[in-house]
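Numbering (the numbering used here), first residue to last: 793 to 1165.
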């Protein structure tokens, strides 16, 4: 059993799909591990560190030659994997809806593509969930990015020269990223409030010491979709939420938006008119900018200014913390493969529940129901 770890090809991607820690663990399972030269450099991992952990380090062709499993952060191009075994697994974040042509290319090449972001949100798969591990870091980094752009201090400061008021931070979308953003903003001393379409998150917000801002008296709206994800809301709810947010957002110094709906464009949470009501010097960080953005006027990869408000739209936020993001991502991959490792076959054997959820291609065809619907 050969596991290949490839160097990321996507522009700006600094993460790597394995670390010396996980290489050692794969070796302990009985696998051979090959790492493409330079794969870990942008995550502060030298080739020598992989070699010391027991991996073979070489060029792309040598790395994927004879590979049974290919690990990546983002999906490698199918035509760059020549020499891998027929039916080899590709386990990575594959962006199936946004990169459908690449999925089709995997099928045509005979690979079995496994989309790690399709991992079901069930208890036994929590340690394999790349979305949660990477979103946790995104929420943290979003607050630091906001602090870097904000021209004032976050905490209240009482000095001989007078008092500095605490910044007011508003978190929109309370999934993993939003909860970490709340906690980080609180640690920095901001006055924090948060909102979400899922009623169940109110208790989570308040448990972190933030104020919950929720639409009231709109019956039958819970916002909870399959697997704990948010769903698209009714027009009635959207109107009520827009009114509530408009009144609240005008008083905020920092706003961080995190709302995503799998397989669909990010919902619009903040309009240009709402931005215009904010104080000059305020900062908005849009963590959904790569899926269309929660904020009108946000630009992927740029920090723009509208009505005196800075809108931060950094791409690939986890990659901005490449060392820690790689450590967590690689553990997700190891936890996934090791959970299904068959000692007799010296290979992982997926069960039906998880296998059907994450498998995109098999036998030369696209087989995932979410892509065939």
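For every residue, glycine included, the Cβ atom is placed at its ideal position computed from N, Cα and C.
Pair within 8 Å by beta-carbon distance, residue i and residue j
i, j, result
"residue 1050", "residue 890", "no"
"residue 846", "residue 816", "yes"
"residue 868", "residue 837", "no"
"residue 983", "residue 960", "yes"
"residue 842", "residue 1153", "no"
"residue 938", "residue 1062", "no"
"residue 809", "residue 859", "no"
"residue 946", "residue 1001", "no"
"residue 1156", "residue 900", "yes"
"residue 1086", "residue 1054", "no"
"residue 1125", "residue 883", "yes"
"residue 894", "residue 870", "yes"
"residue 826", "residue 848", "yes"
"residue 1118", "residue 940", "no"
"residue 806", "residue 1114", "yes"
"residue 955", "residue 948", "yes"
Residues bridged to residue i (per DSSP)
i, result
"residue 795", "825 and 861"
"residue 999", "BP columns for residue 999 are empty, so no partner."
"residue 1097", "1102"
"residue 987", "964"
"residue 895", "Its beta-bridge partners do not exist; DSSP assigns none."
"residue 1151", "906"
"residue 1158", "1153"
"residue 1134", "1139"
"residue 1087", "1062"
"residue 914", "Residue 914 is not bridged to any residue."
"residue 882", "862 and 905"
"residue 1117", "Note: residue 1117 sits in no beta bridge, so no partner."
"residue 1166", "This structure cannot speak to residue 1166, because the chain is shown only from 793 to 1165."
Alpha-carbon to alpha-carbon, residue j and residue i
i, j, result
"residue 1017", "residue 998", "Low local confidence applies: a pLDDT of 49 at residue 1017 is under 50, so the model's placement there is unreliable, and no value is given."
"residue 864", "residue 1004", "38 Å"
"residue 909", "residue 1102", "30 Å"
"residue 1070", "residue 1039", "10 Å"
"residue 862", "residue 885", "12 Å"
"residue 831", "residue 1116", "15 Å"
"residue 1094", "residue 822", "45 Å"
"residue 953", "residue 944", "16 Å"
"residue 1158", "residue 879", "13 Å"
"residue 874", "residue 798", "13 Å"
"residue 1013", "residue 920", "Low per-residue confidence applies at residue 1013: pLDDT is 48, beneath 50, and the placement is therefore not dependable, though the value from the model is reported in the following sentence. Rounded to the nearest angstrom, the two C-alpha atoms are 31 Å apart."
"residue 1140", "residue 1106", "36 Å"
"residue 1033", "residue 1042", "14 Å"
"residue 957", "residue 1035", "27 Å"
"residue 922", "residue 1064", "33 Å"
"residue 1074", "residue 857", "52 Å"
"residue 935", "residue 1045", "12 Å"
"residue 818", "residue 917", "19 Å"
"residue 824", "residue 1143", "23 Å"
"residue 924", "residue 915", "13 Å"
"residue 1037", "residue 804", "34 Å"
"residue 794", "residue 1160", "25 Å"
"residue 833", "residue 1078", "28 Å"
"residue 991", "residue 1008", "10 Å"
"residue 814", "residue 913", "23 Å"
"residue 966", "residue 854", "44 Å"
"residue 1028", "residue 881", "45 Å"
"residue 986", "residue 994", "9 Å"
"residue 1072", "residue 942", "10 Å"
"residue 950", "residue 977", "19 Å"
"residue 1127", "residue 1031", "43 Å"
"residue 1131", "residue 1123", "12 Å"
"residue 1099", "residue 962", "19 Å"
"residue 1088", "residue 988", "19 Å"
"residue 904", "residue 896", "11 Å"
"residue 1068", "residue 1090", "14 Å"
"residue 1145", "residue 1163", "17 Å"
"residue 872", "residue 902", "14 Å"
"residue 1129", "residue 888", "20 Å"
"residue 1096", "residue 1066", "16 Å"
beta-carbon residue i near the ligand ATP non-hydrogen atom, thresh 7 Å
i, result
"residue 1147", "The ligand ATP is absent from the structure shown, which contains no ligands of any kind."
### Task
Report the residue ranges of all alpha helix (DSSP H) runs contained in full by the segment 824–876; include only those spanning at least 4 residues, in chain order.
Fully enclosed alpha helix (DSSP H) runs of 4 or longer: 839–845 and 852–856.
### Task
Mind the definition here: the segment 1104–1122 touches the segment 925–939 only if three or more C-beta pairs lie below 8 Å; say whether that holds.
Counting Cβ pairs under 8 Å, three or more are found: they touch.
### Query
So does the segment 1077–1092 actually touch the segment 1135–1154, counting three or more Cβ pairs closer than 8 Å?
Between the segment 1077–1092 and the segment 1135–1154, the count of Cβ pairs shorter than 8 Å is below three; the stretches do not touch.
### Query
How do the segment 970–990 and the segment 1141–1151 stand: do at least 3 beta-carbon pairs fall below 8 Å, yes or no?
Judged by Cβ distances under 8 Å, the segment 970–990 makes no contact with the segment 1141–1151, as fewer than three pairs qualify.
### Message
Just to confirm the assignment: which complete beta strand (DSSP E) runs, minimum length 3, are found wholly within the segment 937–982?
### Response
Runs of the beta strand (DSSP E) inside the segment 937–982: 949–951, 954–956 and 960–964.
### Query
Could you give the uninterrupted runs of the beta strand (DSSP E) lying entirely in the segment 1038–1083, keeping only those of 3 residues or more?
The qualifying runs are 1046–1049 and 1075–1078.
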